[in-house]
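Report on one structure; see the data block that follows.
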Amino acid sequence: MANKYRLLLFFVLLQQVSWAGGIKVGTGRVSITPELPFYLSGYAVRTTPAVTKVHDLWAKALVIEENTSSRIVIITTDVLGLTSAITETVVDRAQKKYGIARSQIVFNASHTHSGPMIWPALSIIGEYDAATIQVFTRYTMDLTDKLMQAIDMAMQSLVPMTLSYGNGTAGFAANRRQFTAKGVANGVNPTGAVDHDVPVLAAKDAEGKVKAILFGYACHNTTVTSNSNIVNGDYAGFAQIELEKMFPEATALFFTGCAGDQNPIPRGTLELAEKYGKELAGAVQVVLAGKTEPVGAPLRSAYTTTKLDFEPVNREAMEKELLDSSRFKQRRARLVTEAYNRGWDMSTHPYPVQAVRIGNKLTLLALSGETVVDYSLKAKKAFSSERLFVAGYCNEVVCYIPTQKVQAEGGYEAVENMIYYGMPGPFKKNVEDKVFAAINTVMQQIGVRKK
Ligand SMILES: [Zn+2]
Numbered sequence: 002m003a004n005k006y007r008l009l010l011f012f013v014l015l016q017q018v019s020w021a022g023g024i025k026v027g028t029g030r031v032s033i034t035p036e037l038p039f040y041l042s043g044y045a046v047r048t049t050p051a052v053t054k055v056h057d058l059w060a061k062a063l064v065i066e067e068n069t070s071s072r073i074v075i076i077t078t079d080v081l082g083l084t085s086a087i088t089e090t091v092v093d094r095a096q097k098k099y100g101i102a103r104s105q106i107v108f109n110a111s112h113t114h115s116g117p118m119i120w121p122a123l124s125i126i127g128e129y130d131a132a133t134i135q136v137f138t139r140y141t142m143d144l145t146d147k148l149m150q151a152i153d154m155a156m157q158s159l160v161p162m163t164l165s166y167g168n169g170t171a172g173f174a175a176n177r178r179q180f181t182a183k184g185v186a187n188g189v190n191p192t193g194a195v196d197h198d199v200p201v202l203a204a205k206d207a208e209g210k211v212k213a214i215l216f217g218y219a220c221h222n223t224t225v226t227s228n229s230n231i232v233n234g235d236y237a238g239f240a241q242i243e244l245e246k247m248f249p250e251a252t253a254l255f256f257t258g259c260a261g262d263q264n265p266i267p268r269g270t271l272e273l274a275e276k277y278g279k280e281l282a283g284a285v286q287v288v289l290a291g292k293t294e295p296v297g298a299p300l301r302s303a304y305t306t307t308k309l310d311f312e313p314v315n316r317e318a319m320e321k322e323l324l325d326s327s328r329f330k331q332r333r334a335r336l337v338t339e340a341y342n343r344g345w346d347m348s349t350h351p352y353p354v355q356a357v358r359i360g361n362k363l364t365l366l367a368l369s370g371e372t373v374v375d376y377s378l379k380a381k382k383a384f385s386s387e388r389l390f391v392a393g394y395c396n397e398v399v400c401y402i403p404t405q406k407v408q409a410e411g412g413y414e415a416v417e418n419m420i421y422y423g424m425p426g427p428f429k430k431n432v433e434d435k436v437f438a439a440i441n442t443v444m445q446q447i448g449v450r451k452k
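The sequence shown maps to residues 2 to 452 in the numbering used here.
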């Protein structure tokens, strides 16, 4: 008997030794499918609410814990974009409940154009009555609670795990900035910049079973176009479902890369969204079947906010736009002139930049807004000695974030998007410099050197 106990003790100690300096991982998920009928966000031409769904939408949480003061929380959501009102409320609650610092919690939106209206983001795209706005407001408040519930679930399920990462590739994203005689149009640019990386981070339990898969891709979730009005997560929704079929014990979490100027091509049907979802899941499966790099403690994180400058509001032009033939321009002009008349600052917008580092070679750089693909390509080049996962659509999505090149070229990502987002816009020429200064700041704080 004594020997038996000694053997048992040996294995217990062995396990403790193998987890010393290791990490724990937990996951949580909460359905965020709206009660139907519900208006979808993303396409201005939809004028009726969705009445059916293809599949559920989810908020998912991944918690990686080194110890109770060193954690990383990643929350992914099947929605067009989150607002700072939502994310900062959740941060506040997570700080109070678990002592999680602002820098330790990253939110990402899949940017599905078949998800619910997140009020008041993109309120300009439709004319809604008071009762509908009340429903939107209720959904937004409930969403805040649900994000917290996902964190609670993940915190409660923390167990020792091993993490590993790798990189795959998928080719369905295309640059959509097509140069025409009339300027840059929303089409296809076969020679334009793309980022076809499929970054993958997986967590396995002590038995080697895959329990969590975090994966990303830099492409708009716009395979399903405005001719459809059915709730679904587009290719990212299908990819997560497919991965959870392949790995039945896993929670699959999708994050959007710098997809501002990237569309799936061709597009237009649910079948294509499912096809791309399977293609992306297949790319992740290939990574997990191959050689992945182990990674673990220490965990580090940094968060900063810079200010992006708008060109000065042209009051005369805005007053004219109040009577413009475009109802979108009218609504934007109303918002901007009202803000101006109330004395609100219309010269800058706060822009959060965040980075979380797992071990000494893997960093998730989390950028806010609809960052165009050059941000990702440039960051990976600037920090080439680090394995960089670059996410856009993090924390809050208030408009597109163009690079200097895109600004100079013009088009939707540089100028017109500001109308739909209700921003005075466009940005001043220094946007890219400001974003990269903030990137350098957070990278330095977590010990990632430029190379
Ligand atoms: Zn977009």
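Think of the CB as a built atom: it goes at the ideal place given N, C-alpha and C, for glycine as much as any other residue.
Considering only C-alpha positions, which residue in the set the options is nearest to residue i?
{"i": "arginine 178", "options": "Asn431, Glu414 and Val288", "result": "Glu414"}
{"i": "phenylalanine 428", "options": "Arg47, Phe311, Val91 and Met319", "result": "Phe311"}
{"i": "lysine 205", "options": "Gly27, Thr442 and Ala439", "result": "Gly27"}
{"i": "threonine 181", "options": "Ala260, Asn190 and Ala175", "result": "Asn190"}
{"i": "glycine 82", "options": "Ala380, Glu397, Glu317 and Val449", "result": "Glu397"}
{"i": "aspartate 153", "options": "Gly100, Glu275 and Glu387", "result": "Gly100"}
{"i": "valine 55", "options": "Gly234, Asn187, Lys183 and Ile75", "result": "Gly234"}
{"i": "arginine 388", "options": "Asn168, Gln445 and Ala110", "result": "Asn168"}
{"i": "glycine 393", "options": "Ala110, Leu63, Val74 and Ser302", "result": "Ala110"}
{"i": "lysine 292", "options": "Asp143, Ala334, Ser165 and Lys147", "result": "Ser165"}
{"i": "glutamate 458", "options": "Gly188, Lys212 and Glu243", "result": "Nothing about residue 458 can be read from this structure; the chain reaches only from 2 to 452."}
{"i": "phenylalanine 390", "options": "Tyr376, Cys400, Tyr401 and Pro403", "result": "Tyr376"}
{"i": "glycine 217", "options": "Thr257, Asp146 and Tyr129", "result": "Thr257"}
{"i": "alanine 207", "options": "Asp146, Arg72, Gly23 and Val449", "result": "Gly23"}
{"i": "valine 399", "options": "Ser32, Asp143 and Ser369", "result": "Ser369"}
{"i": "leucine 123", "options": "Pro265, Met319, Ala318 and Gly43", "result": "Gly43"}
{"i": "leucine 300", "options": "Ala45, Ala102, Pro35 and Thr84", "result": "Ala102"}
{"i": "alanine 383", "options": "Lys451, Pro403 and Thr69", "result": "Lys451"}
{"i": "cysteine 259", "options": "Cys220, Pro35 and Glu89", "result": "Cys220"}
By Cβ distance below 7 Å, which residues in the same chain neighbour residue i in space, the five residues on each side in sequence not counted?
{"i": "valine 52", "result": "Leu37 and Pro38"}
{"i": "lysine 25", "result": "Glu66, Leu159, Val160, Pro161 and Met162"}
{"i": "proline 351", "result": "Thr306 and Lys308"}
{"i": "threonine 170", "result": "His197, Asp198, Val199 and Ala284"}
{"i": "valine 314", "result": "Val337, Tyr341, Met347 and Pro425"}
{"i": "arginine 94", "result": "Met149"}
{"i": "asparagine 431", "result": "Asp310"}
{"i": "threonine 34", "result": "Lys54, Asp57, Leu58 and Val232"}
How many Å lie between residue i and residue j at the Cα?
{"i": "valine 107", "j": "glycine 209", "result": "27 Å"}
{"i": "glutamate 371", "j": "alanine 86", "result": "18 Å"}
{"i": "valine 92", "j": "glycine 116", "result": "23 Å"}
{"i": "valine 1", "j": "alanine 282", "result": "Since the first residue shown for the chain is 2 and the last is 452, residue 1 is missing from the structure and cannot be characterised."}
{"i": "arginine 30", "j": "arginine 328", "result": "39 Å"}
{"i": "proline 267", "j": "tryptophan 345", "result": "42 Å"}
{"i": "serine 385", "j": "lysine 379", "result": "10 Å"}
{"i": "valine 18", "j": "glycine 278", "result": "Confidence in valine 18 is poor, its pLDDT being 42 and thus under 50, which makes the residue's placement too unreliable to answer from."}
{"i": "methionine 2", "j": "alanine 237", "result": "Since pLDDT at methionine 2 reaches only 46, below the 50 mark, its modelled position is unreliable, and the value read off the structure follows with that caveat. Rounded to the nearest angstrom, the two C-alpha atoms are 54 Å apart."}
{"i": "leucine 202", "j": "glycine 127", "result": "38 Å"}
{"i": "glycine 269", "j": "glutamine 263", "result": "15 Å"}
{"i": "phenylalanine 464", "j": "alanine 132", "result": "Since the first residue of the chain shown is 2 and the last is 452, residue 464 is not available in this structure."}
{"i": "proline 50", "j": "valine 287", "result": "39 Å"}
{"i": "glutamine 445", "j": "leucine 363", "result": "14 Å"}
{"i": "isoleucine 359", "j": "glutamate 294", "result": "12 Å"}
{"i": "lysine 246", "j": "glutamate 280", "result": "14 Å"}
{"i": "valine 443", "j": "aspartate 325", "result": "43 Å"}
{"i": "glycine 193", "j": "glycine 172", "result": "13 Å"}
{"i": "glycine 188", "j": "alanine 409", "result": "18 Å"}
{"i": "glutamine 157", "j": "valine 74", "result": "13 Å"}
{"i": "serine 70", "j": "glutamine 96", "result": "11 Å"}
{"i": "lysine 61", "j": "aspartate 143", "result": "15 Å"}
{"i": "asparagine 418", "j": "glutamate 243", "result": "33 Å"}
Which same chain residues end up closer than 6 Å to residue i when comparing Cβ atoms and leaving out the 5 residues on each side of it in sequence?
{"i": "valine 407", "result": "Val373, Glu414 and Ala415"}
{"i": "alanine 439", "result": "Thr305, Thr307 and Val354"}
{"i": "tryptophan 20", "result": "Any reading at tryptophan 20 must be qualified, since the residue scores a pLDDT of 48, below 50, and its modelled position is unreliable; the value itself is stated next. Excluding sequence neighbours, tryptophan 20 sits near Pro161."}
{"i": "glutamine 16", "result": "Note on glutamine 16: pLDDT 48, under 50, position unreliable in the model; the coordinate value appears next. Once the five neighbours on either side are set aside, glutamine 16 has no close Cβ partner at all."}
{"i": "aspartate 79", "result": "Leu58, Trp59, Ser111, Thr113, Gly116, Gly234 and Gly238"}
{"i": "lysine 381", "result": "Leu389"}
{"i": "alanine 367", "result": "Val107, Gln355, Ala392 and Cys395"}
{"i": "threonine 349", "result": "Lys308 and Asp310"}
{"i": "glutamine 241", "result": "Ala253 and Phe255"}
{"i": "glutamate 433", "result": "Thr404 and Gln405"}
{"i": "glycine 423", "result": "Ile125, Arg333 and Leu336"}
Excluding the 5 residues flanking residue i on each side, which residues of the same chain have their C-beta closer than 8 Å to its C-beta?
{"i": "tryptophan 120", "result": "Ile134, Phe137, Thr138, Tyr140 and Thr141"}
{"i": "leucine 41", "result": "Arg47, Pro50, Ala51, His114, Ser115, Gly116, Pro117, Met118, Asn230 and Val232"}
{"i": "glutamine 331", "result": "Glu322, Leu323, Leu324 and Asp325"}
Output the residue ranges of the alpha helix (DSSP H) runs that lie fully inside the stretch 235-286 and measure 4 residues or longer, sorted by chain position.
235-247
Completely contained beta strand (DSSP E) runs for the stretch 320-366, where each covers 3 or more residues:
349-359
Around ligand 1, which residues pass a check of Cβ closer than 6 Å to any of its heavy atoms?
His112, His221 and Glu371
Pick out the complete alpha helix (DSSP H) segments inside the stretch 41-123, 4 residues or longer, and give them in chain order.
85-99
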